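The structure appears right after this line, and notes come after that.
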Amino acid sequence: MTTKHTQSNTKHPDAKAKGADAYRDPSWWYDIRGFFILMGTYQVFIGNHLSFFARNLGNRHLEAAIGSGTFLALTLITQRLKGRTIPDEIVGIDYAESMLNGAKKLFRNKKNIHLIQADLSKIDFPDAYFDSVNIAHSFHAFPEPEKVLKELFRVMKPGANLYVDVLLAPQGGYIRKAIATKVNNFCFRKGILARTCNLEETQAQFKNNQFEIVDSYIKGNTFHLIARKP
Ligand SMILES: C[S@@+](CC[C@H](N)C(=O)[O-])C[C@H]1O[C@@H](n2cnc3c(N)ncnc32)[C@H](O)[C@@H]1O
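Heads up, my numbering is the position in the sequence shown plus 866, with the first residue counted as 1.
Shown next, in the form of structure tokens:
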């Protein structure tokens, strides 16, 4: 991959450090707004995101930063449509109460889905518990990504994969860049985006936390990364 991304993974100066408080809005509103954010800033068609994350649903799956649960629900539908197995156990963790309330409502009849309000930098599960981990649209929102990576590595089984999409600094032509910059600035002010990322630094971040990079590619402004616990 030859593209150079000059912006580093450091926190954006306009980013408000609100943590879970940034996600106080009702989850239905998050879903509607999220669709436009996806188009404006990630610049990836939702179908691409769904087939990416549906490829990583192990038998004991952790959905890290599950949010309102809508994206996971769509991932599971994608999985069913492809005729693939649904995990026996799914754990969804998020620290924002209002988001998690949406997920609780959505999955109220699903006995295999457990929802936990917690910070991902301290996961109350034993070592080597999960077969797979997905972090959808959230890595660049983590206030402390290093702590989260350490903790995810701990709870993953050896050989388990972690799939993540990481928001890069806006790139492409003038119009594409202008739209993404505008949407990002809105997200920084709302506190729902902590940083846009740099490809090389993000890869290094995973490697420094003992992950092996299995594959990675860019679509739109999004860096898709598959990392494995050796
Ligand atoms: C942009 S949303 C994405 C939610 C969901 N994955 C989706 O694709 O719709 C980011 C989520 O990350 C959660 N989050 C950010 N940092 C977190 C942390 N350290 N621990 C738990 N949840 C976190 C927020 O509460 C929010 O629900």
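Just so it is clear, CB atoms sit at the ideal spot from N, CA and C, and this is done for glycine as well.
As the structure is a prediction and not an experimental result, all values here were calculated from the model.
Which residue comes first and which comes last in the alpha helix (DSSP H) that contains residue i?
i, result
"residue 936", "936-947"
"residue 1049", "1040-1056"
"residue 1070", "1065-1074"
"residue 912", "912-920"
Applying the criterion that 16 or more other CB atoms from any shown protein chain within 10 Å of the CB defines a buried residue, is residue i buried or exposed?
i, result
"residue 902", "exposed"
"residue 929", "buried"
"residue 907", "buried"
"residue 1076", "exposed"
"residue 1039", "exposed"
"residue 975", "exposed"
"residue 946", "exposed"
"residue 1155", "Past the boundaries of the shown model lies residue 1155; the chain is included only from 867 to 1096, so the question cannot be answered."
"residue 978", "exposed"
"residue 870", "A caution first: residue 870 carries a pLDDT of 39, below 50, which makes its placement in the model unreliable, though a value can still be read off. When all chains shown are included, residue 870 counts as exposed."
"residue 925", "exposed"
"residue 993", "exposed"
Answer with yes or no whether the minimum CB distance from residue i to chain B is below 8 Å.
i, result
"residue 981", "Although the question refers to chain B, the structure presented lacks it and comprises just one protein chain."
Could you spell out the range, first to last residue, of the beta strand (DSSP E) harbouring residue i?
i, result
"residue 1088", "1088-1094"
"residue 902", "No beta strand (DSSP E) holds residue 902; the alpha helix (DSSP H) holding it covers 893-903."
"residue 927", "926-930"
"residue 988", "Element bounds for residue 988: n/a, residue is neither H nor E."
"residue 997", "996-1001"
"residue 1079", "1078-1085"
Using only CA atoms, which one of the options lies nearest to residue i?
i, options, result
"residue 957", "973, 945 and 949", "973"
"residue 937", "963, 918, 950 and 1011", "918"
"residue 996", "927, 1068, 1069 and 951", "927"
"residue 894", "911, 916 and 965", "965"
"residue 955", "1008, 887 and 998", "998"
"residue 934", "950, 1049, 967 and 920", "967"
"residue 952", "922, 1011 and 1091", "922"
"residue 981", "1012, 959, 948 and 1000", "959"
"residue 985", "1022, 971, 909 and 1015", "1015"
"residue 1059", "1065, 1051 and 1096", "1051"
Chain-ordered list of residues that sit, by beta carbon, closer than 5 Å to a heavy atom of ligand 1: 889, 931, 933, 937, 960, 961, 962, 965, 985, 986, 1002, 1003, 1004, 1007 and 1008
Every unbroken beta strand (DSSP E) inside the stretch 1006-1030 [3 residues or more]: none
Alpha helix (DSSP H) runs contained entirely in the stretch 956-985, provided each spans 4 or more residues: For the alpha helix (DSSP H) assignment, the uninterrupted runs of no fewer than 4 residues enclosed by the stretch 956-985 are, from N- to C-terminal side, 963-972.
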